[in-house]
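Remarks on the structure that follows.
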Amino acid sequence: MRKIIHASPTKSCALDPIPTWLLKQCEEQIIPVLTLSVNVSLETAEFSDELKKACVTPLIRKALLDCEILKNYRPVSNLSFVSKLLERIVCVQLVDHLKVNGLYEVFQSAYRQLHSTETALLRVHNDLLQAVDSHGGAILVLLDLSAAFDTIDHAKLLNILNTSFGIHGSALNWFSSHLKDRTQTVQIGSSLSKDQKLKFGVPQGSVLGPILYTIYTTPLGRIIRKHGLTFHLYADDTQLYIAFKPAEHSSKADAISRIESCVQDIRIWMTNNLLKLNDDKTEVIIITSKEDISSNLDISIRVGGHLTSPSMTPPRNLGVLFDSTCSLEAHVSKMCKNINFNLYSVGKIRKYLDRPTCETLINATVTSRLDYCNSLLYGAKASLFNKLQLCQNNAARIVTRRRKYDHIRPALKELHWLPVEQRVQFKILLLTYKSLNGLAPKHLSEILSPYTPSRSLRSEDQHLLKDPRWRLEGFGKRAFAKAAPSLWNPLPLGLKRSPSVDSFKTGLKTYLFKRAFE
25 MRKIIHASPT KSCALDPIPT WLLKQCEEQI IPVLTLSVNV SLETAEFSDE LKKACVTPLI
85 RKALLDCEIL KNYRPVSNLS FVSKLLERIV CVQLVDHLKV NGLYEVFQSA YRQLHSTETA
145 LLRVHNDLLQ AVDSHGGAIL VLLDLSAAFD TIDHAKLLNI LNTSFGIHGS ALNWFSSHLK
205 DRTQTVQIGS SLSKDQKLKF GVPQGSVLGP ILYTIYTTPL GRIIRKHGLT FHLYADDTQL
265 YIAFKPAEHS SKADAISRIE SCVQDIRIWM TNNLLKLNDD KTEVIIITSK EDISSNLDIS
325 IRVGGHLTSP SMTPPRNLGV LFDSTCSLEA HVSKMCKNIN FNLYSVGKIR KYLDRPTCET
385 LINATVTSRL DYCNSLLYGA KASLFNKLQL CQNNAARIVT RRRKYDHIRP ALKELHWLPV
445 EQRVQFKILL LTYKSLNGLA PKHLSEILSP YTPSRSLRSE DQHLLKDPRW RLEGFGKRAF
505 AKAAPSLWNP LPLGLKRSPS VDSFKTGLKT YLFKRAFE
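The numbering used here puts the sequence shown at residues 25 to 542.
Here is the structure:
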């Protein structure tokens, strides 16, 4: 209890009788009472009605959406600290149960330790690049769901927990008590609505809600595999993709048929389980080389009663703009635009900031954008790296107060910032180290294979990786399966044998920093 309380964020809700910071200060007196109440809840399989109340604050999904349209808001539930504390206790046990028994869907990356949007996109990006390199093209379909968390059927969820995840007896009764008779009130400013009972759904903002949603949608994996498609899930974001040969009409027709059949089965399953697939918001991308893209834009996928054509503008996929040639030009342009706006804003107030504060602000608004999913940029055009490097240079000038035409390398060296290209290499090598040491998702680790020579050689003790062949420089050479061995194999042996992630990160940054500046 003490460990979980210390790890919990110091946030308070209108339903809390005392602020969370005050509760933590009085933890020695309160922990015995909280421990008793939690144990009573687990022993009796009862979740108190007082802890089922939620105060919902509507949050606009995106800044540019119309605030007069209700569906543009995300209903985030604010729950009492004690309610979340009890959920965290159960969450620890539930996650251990899923790990020990191998019940997680391998290609579900949401709400899991060692997983992130970047690891999910890196696997999808790797598969698409290799598909184009080996077959010539791939079709990527991005499915969109409406209010997925709010329409879950409790009876069906409990049945899945019982039959597919081995949760029964008092544990199942506890989940049943946790789900039923929940209430919520909506708060806008100082106004509160009346309490409303929730017959369906899991609360967004709760601890268990997201995990229960991923459990509820586990059958999707079996449906998609049945049709021979590759997929990746991140909460309610579903990505389907399949390779095809652009020059062969039969290959293209077979790929379209499989996708349409799979989407139809997904729609049927979702309808039966009270989930809604947005047919008109589903997006399709044809991934192929520039030479083949024009002849493949006539591909259309039928989703329900809607015929979906390839997106003319790159759609956003977990925060990254995917284009038809995987060049990421649109993504880099958008990122540079946002970074330059932030730099302009920080520059206006720079004279009022001391250097540590300015550096913190730059790291939060600029460096974080440069580093988000930058592993996808390996092998990209030099012009894209030049754009990003220019943004980093301007950030360094603002922090160090250098003039526009001063040489920037001393500033980067003074700040100990790796240049953009080395930051990409750092990210890929870090993910490679984690993959080889059981600290990365399984779907990334299985991409890499240790090199084993056919006869006894000195190289067998060098911790090398198999370096796969590639056909197209703009695709196969950029895939993580190729990038990781290319960067990993030349590393010093001592660095590869680092005993921990922290020591590897320290040694790797020093190694890349020397290569960049010395």
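Positions of the beta carbon are idealized from the N, C-alpha and C atoms, including for glycine.
In this text the structure is predicted, and so the values were computed from the model without any measurement.
Applying the 10 Å Cβ sphere with the 16-neighbour rule, what's the burial state of residue i?
i	result
ARG147	buried
PRO477	exposed
ALA87	exposed
TYR368	exposed
TYR429	exposed
GLU552	One cannot answer for residue 552 here, as it falls past the ends of the chain, which runs 25 to 542.
TRP512	buried
CYS50	exposed
CYS91	exposed
LYS108	buried
SER348	buried
ASP157	buried
ILE212	exposed
ARG246	exposed
GLY225	buried
GLY329	exposed
MET359	buried
ALA435	buried
THR143	buried
ARG447	buried
SER459	buried
In this structure, what does DSSP give as the bridge partners for residue i?
i	result
GLU307	LEU166
ASP526	ASP526 is not bridged to any residue.
GLN220	GLN208
VAL100	THR81
VAL327	HIS330
LYS490	Its beta-bridge partners do not exist; DSSP assigns none.
ARG340	LEU345
PHE71	None; PHE71 has no bridge partner.
SER215	ILE212
TYR258	ASP261
LYS300	SER170
GLN132	LEU257
GLY161	PHE268 and THR312
PRO474	LEU489
Taking just the CA atoms, how far does residue j sit from residue i?
i	j	result
PHE537	TYR402	18 Å
HIS440	ILE432	12 Å
ASP168	SER522	42 Å
CYS37	LYS77	11 Å
GLN117	LEU298	28 Å
GLY531	LEU468	23 Å
GLU70	ASN102	21 Å
THR262	LEU244	9 Å
PHE409	ALA540	15 Å
ARG85	TYR97	5 Å
ILE184	GLN228	20 Å
LEU39	LEU75	9 Å
PRO41	VAL64	21 Å
ASN366	LEU385	10 Å
LEU60	ASN341	45 Å
SER274	ALA267	13 Å
PRO82	VAL210	8 Å
VAL80	VAL100	6 Å
Excluding sequence positions up to five away, which residues of its chain have a Cβ less than 6 Å from the Cβ of residue i?
i	result
HIS355	VAL344 and LEU345
ARG326	GLU284
SER333	SER324
TYR396	none
LYS22	The chain is shown from 25 up to 542; residue 22 falls before or after that span and cannot be answered.
GLU542	none
ASP491	PRO509
HIS149	LEU400
ASN235	Note that residue 235 is Ile in the sequence shown, not Asn. These residues qualify, in order along the chain: TYR135.
THR34	THR44 and TRP45
With a CB to CB cut of under 8 Å and the five nearest residues on each side skipped, what residues in its chain are close to residue i?
i	result
ARG502	LEU153, CYS350, TYR402, GLY403 and ALA404
ASP205	ASP73, LYS76 and LYS221
Beta-carbon within less than 7 Å of residue i's beta-carbon, same chain only, minus the 5 sequence neighbours each way: which residues are those?
i	result
LEU517	GLN486 and HIS487
LEU138	LEU463, ALA464 and PRO465
PHE189	LEU127 and ILE239
ALA508	ILE452, THR456, LEU472 and LEU489
GLY252	ARG282
ILE309	LEU164, PRO334, SER335, PRO339, PHE346 and SER348
GLY233	PHE173, VAL226 and PRO227
Does chain C have any CB closer than 7 Å to the CB of residue i?
i	result
ILE93	No chain C is part of this structure, which consists of one protein chain only.
(request) Determine contact between the region 451-463 and the region 410-422, defined as no fewer than three beta-carbon pairs at a distance below 8 Å. (result) no
(message) Contact between the region 45-63 and the region 173-182 is defined here as three or more beta-carbon pairs at a separation below 8 Å; is this criterion met?
(response) no
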